[in-house]
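Quick note: the sequence shown uses the working numbering, first residue 1, plus one each step.
Single-structure report; data block below.
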Amino acid sequence: MTKTQNTRNAPSTLVIGGTGKTGRRVAEKLTGLGRAVRIGSRSAEPAFDWNEPASWGPALEGVDRVYVTYYPDLSFPGAVEQIGAFATAAVAAGARRLVLLSGRGEEAAERSEDALKASGADWTVVRAAWFNQNFDESFFLEPVLAGEIALPTGDAVEPFVDADDIADVVVAALTDDRHIGRTYELSGPRLLSFADVAAELSKATGREISYVPVSNEAYRAVLRENGLPEEFTDLFTLILDGRNAHLVDGVEQVLGRKPRDFADFAREAAARGVWDV
1 MTKTQNTRNA
11 PSTLVIGGTG
21 KTGRRVAEKL
31 TGLGRAVRIG
41 SRSAEPAFDW
51 NEPASWGPAL
61 EGVDRVYVTY
71 YPDLSFPGAV
81 EQIGAFATAA
91 VAAGARRLVL
101 LSGRGEEAAE
111 RSEDALKASG
121 ADWTVVRAAW
131 FNQNFDESFF
141 LEPVLAGEIA
151 LPTGDAVEPF
161 VDADDIADVV
171 VAALTDDRHI
181 GRTYELSGPR
191 LLSFADVAAE
201 LSKATGREIS
211 YVPVSNEAYR
221 AVLRENGLPE
231 EFTDLFTLIL
241 DGRNAHLVDG
251 VEQVLGRKPR
261 DFADFAREAA
271 ARGVWDV
């Protein structure tokens, strides 16, 4: 039997959010290791939708492990119940190995972690700080292109972490049983304010990008205008109150190397032309 046939017939890893920032990277890295991967998204075949439990069974068929990501955030209403129900369904379907992406310093997210653990799964929890890639793949791309990042974050600092570091940790957790029953907190190598971030982006792009602190009310209006959940404002307030203003060593614990610095991320993204205007 050929290697391709072996891969095709082997149990798969379901990567929920497999087209997102970390999920896409996890799927690519697993595929590079010769592992069979199934993407969990509404556009996949079979489709996966958090709000349609009937879609979970077909997505879990033939799967023995799952990378669990939840949109919009584990702290949002309904997440605990959905995570618990899905984890129970996954274990019943034979997918006992579950790796959950969680957030640092989010008590509501910890309740979702507990719900997943209660399923009896062989679990690993990966708690991550804010992603570097929020500035080139997500929420803050348009503001960076416009040259002004307006957020209700004041002078708060955050140890931004790179999505590739997260993906490397997740892949290790999915493929190495030594990580079962462990919770890892991930951060980058230094604390940055959003003014520091703007300065790094200005340096990388060669144009002026500024940070403008705004009120919660003003930011809620921006979210409404863009069709995004207003609860993101509450999340800003919650996790940028200083609780995460320290570095952690989860990347080094799992991978045996230092995490990637924001400046290196910014130079690489700028070289790709993602912020060209």
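In this text, a Cβ means the ideal position worked out from N, Cα and C, and glycines have one as well.
By the C-beta density criterion, N226 is exposed, having fewer than 16 other C-beta atoms within 10 angstroms. By the 16-neighbour rule on beta-carbons within 10 angstroms, Y219 is buried.
Cβ-Cβ distances below 6 angstroms link D49 to R42, S55 in the same chain, with the five nearest sequence neighbours on each side left out; the list follows chain order.
Taken through DSSP and simplified to helix, strand or coil, Y184 comes out as strand.
Each residue's CA atom was taken as its position, placing A108 and P159 some 21 angstroms apart. L101 is positioned such that its CB atom lies no closer than 8 angstroms to that of A87.
R111 is positioned such that its CB atom lies no closer than 8 angstroms to that of R127.
Here P152 carries a coil assignment [DSSP, helix/strand/coil]. T13 has V37, R65 as its beta-bridge partners, per DSSP. T233 and P189 have their alpha carbons spaced roughly 26 angstroms apart.
Out of I166, D196, L201, T124, the CA that lies nearest to the CA of L141 is found in L201.
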